[in-house]
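Numbering (our numbering), first residue to last: 3 to 515.
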């Protein structure tokens, strides 16, 4: 499972392991163990470099997001003189079946749900809009200015966000502060820029064969952080209130910043942009989609599927705590933590089974595992929407265990198909469409939840199942293209044409020098 670690300087181009600076274009991406070498890349001596960045970032963001949703609910409840579970309380909100018979109390409870979800929505919208403006600039420009600066910016934003949230909670400042703080901190690019930079870093330093494994391991860092934090945060909030977890979040963000500054080496050397830094990101992205028709069609289908999947995932996740605190589940912060941890553990088990058993031993292609993940996710939404007991919510963790195969393998598969010197451009597209999906999902599903809360709270999850089916169909079409319109023969044809000067198309996986 070891990957080639030879430095790009002083290589023998006749080495059969390298073939040429493009790697083996005719190889199946799931079996091609050559590196798509670029003269601007200096391979690091250490292998595990970016995974700790993701782990620290996820610990920080998950600890603050868990506190944020419950604190906002608590503050809104105080405005209506309703105790919704402040410091030292384990009750998430008033959820007594007898009180539900009282129409006045039921209306107040619904009002609190609606207003709390609105504040969460406002913050999500502002964060997503700001991140959308800066992410294409950051991620695509990293192909020319290096990866490290764009690993630093999101960590700086996270430090500001955690510190600001702590101040708001300590002094009970107005809730609008959450929205303003979200806008300021998102200037660092947020989660999207961090992941785009991390995956571009991995694409620079891994072969196509092992890239899905490494991308999945990065996603596993999110799972490890999520499992631990979800188990701890409920008890932490119950015993110590909201401020201590936010202090922890800020501390981890500071540690992450210094880790990137001191211990992360730059792997991509700066090179001439050949144009304005303002227009460069967009011309770089455009060149990715004009290099070949077959690549652009595949990327279009896969990016659309990823955007739809993210909309469903973010929309359902945003409402998860509110849905679980509502009747008939009435879960408190501790049980919400247990349920979230169970789901994350299920995701990690599913990812392990998919990557080790199905991919390594049974030879299921990467795109086949993506389809499996989308199918599992769709079934999970359906079960959640129909659930009438806490037991059924835990069953969802089993049904949707393969869901998290989709996101990392979408990224890895598109990276396998794309040229080595366009990875930043690719992941800027991925990051933008993920943000668009997250923004649309959070907005649309929150509005739908508010509209259907009184007669069927789970309806929003059934809609998510229907929309997720569209992503499943688009990905299935892309998988069919691999059989009837293969990339490998096209790569060879273009390569011969390019050598004869009769084609302007760049071969898939080529490196512009």
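Glycine included, each C-beta is placed from N, C-alpha and C at the ideal position.
For residue 312, the closest alpha carbon among the candidates 407, 458, 176 is that of 407. In the DSSP assignment, residue 386 falls within the alpha helix (DSSP H) that extends over 368 to 388. Closest in C-alpha terms to residue 149, from the list 44, 185, 175, comes 44. Measuring C-alpha to C-alpha distances from residue 394 to each of 282, 82, 330 identifies 330 as the nearest. Excluding the 5 residues flanking it on each side, residue 82 has same chain C-beta neighbours closer than 8 Å at 110, 113, 114, in chain order. Note on geometry: alpha-carbon atoms of residue 77 and residue 124 lie some 16 Å from one another.
When the alpha-carbon of residue 217 is set against those of 487, 286, 357, 230, the nearest one is in 357.
At the C-beta level, residue 160 and residue 62 come within 7 Å of one another. In terms of Cβ geometry, residue 206 and residue 269 form a close pair [threshold 7 Å]. Of all alpha-carbon atoms in 198, 235, 339, 306, the one lying nearest the alpha-carbon of residue 471 is that of 306. When the beta-carbon positions are compared, residue 405 and residue 370 stay at least 7 Å from each other. Among the bridge pairs identified by DSSP, residue 43 is matched with 270. Our two residues, residue 137 and residue 106, have alpha carbons roughly 46 Å apart in a direct line.
Taking every protein chain shown into account, the CB of residue 47 has fewer than 16 other CB atoms within 10 angstroms, so this residue is exposed.
By the Cβ criterion, the stretch 316 to 332 is in contact with the stretch 427 to 446, since at least three pairs of Cβ atoms, one from each stretch, lie closer than 8 Å. Within the same chain, Cβ atoms closer than 7 Å to the Cβ of residue 239 are found at 69, 72, 247, 335, the five residues on either side in sequence being excluded. Here residue 295 is exposed. Its C-beta has fewer than 16 other C-beta atoms within 10 Å. Taken through DSSP and simplified to helix, strand or coil, residue 128 comes out as helix. Per DSSP, residue 236 is one residue of the alpha helix (DSSP H) stretching across 213 to 242.
Across the structure, residue 49 and residue 456 are spaced so that their CA atoms are roughly 52 Å apart. For residue 424, no alpha helix (DSSP H) run applies, since DSSP gives it neither H nor E. Linking residue 194 to residue 439 through their CA atoms gives a straight-line distance of about 12 Å. Boundaries cannot be given for residue 148, as no alpha helix (DSSP H) includes it and DSSP labels it neither H nor E. Comparing alpha-carbon positions, the option among 201, 226, 260 lying closest to residue 157 turns out to be 260. Residue 61: member of the alpha helix (DSSP H) spanning 53 to 81, first to last residue. One thing to note: residue 411 has its Cβ within 7 Å of the Cβ of residue 214.
With fewer than 16 neighbouring CB atoms inside 10 Å of its own CB, residue 298 falls in the exposed class. Between the stretch 424 to 432 and the stretch 346 to 353, the count of Cβ pairs shorter than 8 Å is below three; the stretches do not touch.
If only complete runs of 4 or more residues are kept, the stretch 396 to 453 shows the alpha helix (DSSP H) at 408 to 419, in order along the chain. Cβ contact annotation for residue 171 (same chain, cutoff 7 Å, sequence separation greater than five): 73, 244, 245, 248, in chain order.
No Cβ-Cβ contact shorter than 7 Å links residue 387 with residue 481.
Annotation: the continuous alpha helix (DSSP H) that includes residue 246 extends over 245 to 265. Looking at 257, 419, 135, the one whose alpha-carbon comes closest to that of residue 57 is 257. In the DSSP assignment, residue 324 falls within the unbroken alpha helix (DSSP H) covering 322 to 327. Exclusion of the five residues before and after residue 266 leaves 51, 52, 55, 150, 153 as the residues of its chain whose Cβ lies within less than 8 Å of its Cβ.
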